[in-house]
Amino acid sequence: MAEDLSDLWKVLKLTEDEDDTINANISINQSVKPEGEDWLVGSLLTTHPFNKEAMMATMKIIWKLSKEVEILALEDNIFLFKFQCAKDKERILEGAPWSFDKNLLLFHEFVGEWRPEEYKFEKATFWVRINNLPLGLRNANTREII
């Protein structure tokens, strides 16, 4: 059978219409950026096994987004969050920190040229409450120092 396929492959010819050349000389930025503009790459900060499907389903429920988000598991602990609109993405980033099963979910802006292992999840945003802070120190400068 393999020889039959090989013989058929040798006589295969394209018609004139099928022989058109497609110019695929585009950069990654041109092909990915418009679509990936509202995407995030995320990682759950844990070394223990966890249920990926449960995490993805739970985040969709608790976020209560205006439009659907598609979450894809890329590698062991790296996920792609494909938001349908910029407002939903912004709301998730502003509402951070997020967690699943007592583990912090970290985000990074999507970069089309990067492979999943190139993303570094090293920063997280937290709300901090400081009691009894003198009124004179309740300003942007103090906030930046803290």
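In this note's numbering, the protein residues as written are 1051 to 1196.
Where a beta carbon is used, it is the ideal one built from N, C-alpha and C, also for glycine.
None of these values were measured; they are calculated from a predicted model.
Discussion item. Between the alpha carbons of Phe1157 and Gly1186, how many angstroms are there, rounded?
Written reply: Rounded to the nearest angstrom, the two C-alpha atoms are 34 Å apart.
Fill in: Cutoff 7 Å; reference Tyr1169; Cβ partners in own chain excluding five residues on either side
Excluding residues within five positions, the ones whose Cβ falls inside 7 Å are Val1091, Ile1128, His1158.
Item to complete: If I'm right that Trp1089 touches Phe1133 with Cβ under 8 Å, what's the distance once you round it to whole angstroms?
Response: Sure, about 7 Å apart at Cβ, within 8 Å.
Worksheet item: Helix, strand or coil: which one does DSSP assign to Gly1145?
Response: Secondary structure of Gly1145 (DSSP, three-state): coil.
Fill in: Collapsed DSSP secondary structure at Leu1058 in the structure displayed
In the three-state reduction of the DSSP assignment, Leu1058 falls in the helix class.
Discussion item. Check for me: the alpha helix (DSSP H) holding Glu1103 runs from which residue to which?
Written reply: Start and end: 1102-1113.
Worksheet item: For Asp1126, which of Arg1141, His1098, Trp1177, Asp1067 has the nearest alpha-carbon?
Response: Residue His1098 is the option with its Cα nearest to Asp1126.
Worksheet item: Phe1171 to Val1061, Cα distance in whole Å?
Response: So the two alpha carbons sit approximately 53 Å from each other.
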